[in-house]
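Visitor: In our numbering, the protein residues as written are 28 to 126.
1) Apart from the five residues on each side of it in sequence, which residues of its chain come closer than 6 Å, Cβ to Cβ, to residue 65?
2) Spell out a yes or no on whether the segment 42-49 and the segment 68-82 are touching, meaning 3 or more CB-CB pairs, one atom from each, closer than 8 Å.
3) For residue 115, count neighbouring C-beta atoms within 10 Å of its own C-beta (all shown protein chains included) and say buried if the count is 16 or more, exposed if not.
4) Mind checking whether residue 80 and residue 57 have CB atoms under 7 Å apart?
5) Can you grab the Cα-Cα spacing for the pair residue 95 / residue 45, in whole Å?
6) Can you give the Cα-Cα distance for residue 38 and residue 31, rounded to whole angstroms?
7) In three-state terms, what does DSSP make of residue 118?
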């Protein structure tokens, strides 16, 4: 490995480290401000709140006590449900008679 390749690998590692530190800072900030709000919530609600705060699915899974795949699946179900509710609302508004 020449010096240029070595430098590129170091930069890549530093980028990963930087992202990890950013995620940790986010976790610390969120845990102190959201902890009480999450206590009485169901798992799906916790996943939605934490995901909307920008946490990675891995960290959401760690906090909630599940797997990253379960977080992805739950978020997919939540988005699908919200889209269906929005479509139903829009359809209902389209059918309303004009006054």
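Positions of the beta carbon are idealized from the N, C-alpha and C atoms, including for glycine.
Guide: According to the data block:
1) 73
2) no
3) exposed
4) yes
5) 21 Å
6) 11 Å
7) helix
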